[in-house]
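**Q**
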Amino acid sequence: MSDNKRDGEVNFNQPEYTTPNHILDRFPVAPRSIWSKVEDKDWNNWIWQQQQRVRNIEMLSKVINVTEEEKQAYDGSVEMFNMSITPYYASLMDADDPNCPIRMQAVPKLGELHISPEDLEDPLAEERDMPVPGLTHRYPDRVLFYTTHNCAMYCRFCTRKRKVSDPGSAAQKKQLDDALEYIRTHKEIRDVVISGGDPLSNSDDRLDYILTSLRAMPHIEIFRMGTRNLVTLPQRITDDFIYMLRKHHPVFVNTHYNHPKECTREAYDACRRLSDAGVVISNQMVLLKGINDDPKIVKELNHKLLMMRVRPYYIYQCDLSQGISHFRTPIEKGLEIIENLRGWTSGLAVPHLVIDAPGGGGKIPILPQYFLGKTGKTVKLRNYKKKEFTYVEPQE
Ligand SMILES: *Cc1c(COP(=O)(O)O)cnc(C)c1O
Ligand code: SF4
Numbered sequence: 115m116s117d118n119k120r121d122g123e124v125n126f127n128q129p130e131y132t133t134p135n136h137i138l139d140r141f142p143v144a145p146r147s148i149w150s151k152v153e154d155k156d157w158n159n160w161i162w163q164q165q166q167r168v169r170n171i172e173m174l175s176k177v178i179n180v181t182e183e184e185k186q187a188y189d190g191s192v193e194m195f196n197m198s199i200t201p202y203y204a205s206l207m208d209a210d211d212p213n214c215p216i217r218m219q220a221v222p223k224l225g226e227l228h229i230s231p232e233d234l235e236d237p238l239a240e241e242r243d244m245p246v247p248g249l250t251h252r253y254p255d256r257v258l259f260y261t262t263h264n265c266a267m268y269c270r271f272c273t274r275k276r277k278v279s280d281p282g283s284a285a286q287k288k289q290l291d292d293a294l295e296y297i298r299t300h301k302e303i304r305d306v307v308i309s310g311g312d313p314l315s316n317s318d319d320r321l322d323y324i325l326t327s328l329r330a331m332p333h334i335e336i337f338r339m340g341t342r343n344l345v346t347l348p349q350r351i352t353d354d355f356i357y358m359l360r361k362h363h364p365v366f367v368n369t370h371y372n373h374p375k376e377c378t379r380e381a382y383d384a385c386r387r388l389s390d391a392g393v394v395i396s397n398q399m400v401l402l403k404g405i406n407d408d409p410k411i412v413k414e415l416n417h418k419l420l421m422m423r424v425r426p427y428y429i430y431q432c433d434l435s436q437g438i439s440h441f442r443t444p445i446e447k448g449l450e451i452i453e454n455l456r457g458w459t460s461g462l463a464v465p466h467l468v469i470d471a472p473g474g475g476g477k478i479p480i481l482p483q484y485f486l487g488k489t490g491k492t493v494k495l496r497n498y499k500k501k502e503f504t505y506v507e508p509q510e
């Protein structure tokens, strides 16, 4: 190998490895549903996927057998929160089962129209902790930076419903520059979480502008891109996008798979291309009733994610946002899931269960109790099989 090969010159499109078929076979290609006659060059084009999104009930009725409930829920919710589903993601929906885990994430249900007494307008007080519009600075050394309010698909359980899908509230260049200026002058910030909406709804040029600006600040060590496009629009991970992104390493991507059905060949390929370009990918799952509130499903998801080189990072307890109470689960459910992972499978497949505390308290971890108490120097513990053990502390 030539010694003058510089960082970033590896041609990641021709990887020097193959993945065995018994792994690839677990990642089925998405069925194309009503789009089976569409040419590959369109189907694989993210612009085409965005333009052809399913945005109304007439179009949806061609893809699935829409129920009366879904019709009513659509009519009642469309004003507040758009429906928008990429053909790729829509093709993963079960046409006949309204409780299909993909369909429940994309198609409104009547529960959305119900506001519970405990629901909050800004459950995480993201607005309160905004020193400048579009930037939440809550933790000492990192910020959350909203760069757009658009998403490829609108998730029915979205916490930022109020903002997302309202084009009038999107960040203008002036707002971006003000946020960048804040980061530039706050030297304690070392980690920038680039969020939205979905930051990948921005053009490559706009992302390049943001990342170049951040990289010009010596105190910025890492950034993370929080995107659901790996799930809802994997076609977005183009060569041009990857070339742009890898100029700015170290780059992390936090994505949001919720169910093993989302782990398709298209998703696999998108993650592989990102990983091959040196991006470290983690997953933030949201615990959703009827979708993934089952230890078996989460374990299967996390095993698939690891095969895609995506590390399970967080499981979020569902927030108190308005109109998503039908997705919320009791705390015990999350604990049961962690209890069924820890020890029973790879530690790499065990994420942190967190509650993002209402009122802006930040993420609080919740753990099953493995520490049973302490007498003198003797610590009592229990393992994943609920067997008890003791550990003795140093005497001195
Ligand atoms: C989640 C979050 C972060 C990042 O938190 P990590 O635990 O470091 O992943 C940063 N800022 C805000 C406001 C957040 O909600
Ligand atoms: S991608 Fe994220 S921000 Fe966009 S609708 Fe889904 S949950 Fe909300």
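In my numbering, the protein residues as written are 115 to 510.
A virtual CB, placed ideally from N, CA and C, is assigned to each residue, including glycine.
Every value quoted in this text rests on a predicted model; they were computed, and no experiment measured them.
#1: Return helix, strand or coil for residue 358, following the three-state DSSP convention.
#2: Could you pull out every residue in the same chain whose Cβ sits closer than 6 Å to the Cβ of residue 399, ignoring the five residues on either side in sequence?
#3: Helix, strand or coil for residue 115, going by three-state DSSP, please let me know.
#4: Taking the alpha-carbon of residue 224 as reference, which of 178, 481, 186 has the nearest alpha-carbon?
#5: Tell me the DSSP secondary structure of residue 208 in three-state form.
#6: Please give me, in chain order, every unbroken run of the beta strand (DSSP E) with length at least 3 that falls completely inside the segment 320-358.
#7: When you compare the segment 411-419 with the segment 430-450, are there three or more beta-carbon pairs, one atom per stretch, that lie closer than 8 Å?
#8: Considering only heavy atoms of ligand 1, list every residue whose Cβ is less than 6 Å from one of them, following chain order.
#9: Measure the alpha-carbon distance for residue 104 versus residue 349 and round it to whole angstroms.
#10: Using 8 Å for Cβ pairs, my map puts residue 367 next to residue 346. What's the rounded Cβ distance?
#11: Give a single yes or no on whether residue 268 has its beta carbon closer than 7 Å to a heavy atom of ligand 2.
#12: Buried or exposed: which applies to residue 485, given that a residue is buried once 16 or more other Cβ atoms fall within 10 Å of its Cβ?
#13: Can you give me the start and stop residues for the alpha helix (DSSP H) that residue 298 sits inside?
#14: So, helix, strand or coil for residue 237, using DSSP?
#15: In the structure shown, what three-state DSSP assignment does residue 182 receive?
#16: Using a threshold of 7 Å, is the CB atom of residue 312 nearer than that to any non-hydrogen atom of ligand 2?
#17: In or out: residue 317 buried (at least 16 other Cβ within 10 Å) or exposed?
#18: Which residues bound the alpha helix (DSSP H) around residue 172?
#19: Suppose you measure from the CA of residue 389 to the CA of residue 395; what does that come to, to the nearest Å?
#20: Locate the beta strand (DSSP E) running through residue 483, then write down its first and last residues.
#21: Would you list the residues sitting across from residue 506 in a DSSP beta bridge?
#22: Starting from residue 399, follow its DSSP beta bridges and name the residues at the other end.
#23: Taking 8 Å as the cut-off, decide whether the C-beta atoms of residue 297 and residue 307 are in contact.
#24: How about residue 454 and residue 500: are their beta carbons less than 8 Å apart?
#25: Any contact of the segment 251-263 with the segment 138-151, i.e. 3+ C-beta pairs under 8 Å?
#26: What are the start and end residues of each continuous beta strand (DSSP E) run of 3 or more residues lying completely inside the segment 407-470, in chain order?
#27: What residues are listed by DSSP as bridge partners for residue 253?
#28: Does the Cβ of residue 278 lie closer than 7 Å to at least one heavy atom of ligand 2?
#29: Residue 344 and residue 337 - do their beta-carbons sit closer together than 8 Å?
#30: What do you reckon, are the CB atoms on residue 231 and residue 435 nearer than 8 Å?
#31: Kindly indicate the opening and closing residues of the alpha helix (DSSP H) around residue 383.
#32: Grouping DSSP H, G and I as helix and E and B as strand, with all else coil, what is residue 98?
#33: Closest by CA to residue 376, which one among 188, 481, 293, 217?
#34: Assign residue 191 to buried or exposed, taking buried as 16 or more other Cβ atoms, counted over all protein chains shown, within 10 Å of its Cβ.
**A** Working from what's here:
#1: helix
#2: 372, 429
#3: Low per-residue confidence applies at residue 115: pLDDT is 39, beneath 50, and the placement is therefore not dependable, though the value from the model is reported in the following sentence. Coil.
#4: 186
#5: coil
#6: 336-340
#7: no
#8: 250, 252, 253, 256, 258, 307, 477
#9: Residue 104 lies beyond the stretch modelled for the chain, which goes from 115 to 510, so this question has no answer here.
#10: Not quite, the Cβ-Cβ distance comes to about 14 Å (not below 8 Å), so this is no contact.
#11: yes
#12: exposed
#13: 287-299
#14: coil
#15: helix
#16: yes
#17: exposed
#18: 171-177
#19: 7 Å
#20: Counting along the chain, residue 483 falls outside any beta strand (DSSP E), and DSSP gives it neither H nor E.
#21: 492
#22: 429
#23: no
#24: no
#25: no
#26: 424-430
#27: 256
#28: yes
#29: no
#30: no
#31: 379-390
#32: Here the chain comprises residues numbered 115 to 510, so residue 98 is not present and cannot be evaluated.
#33: 217
#34: buried
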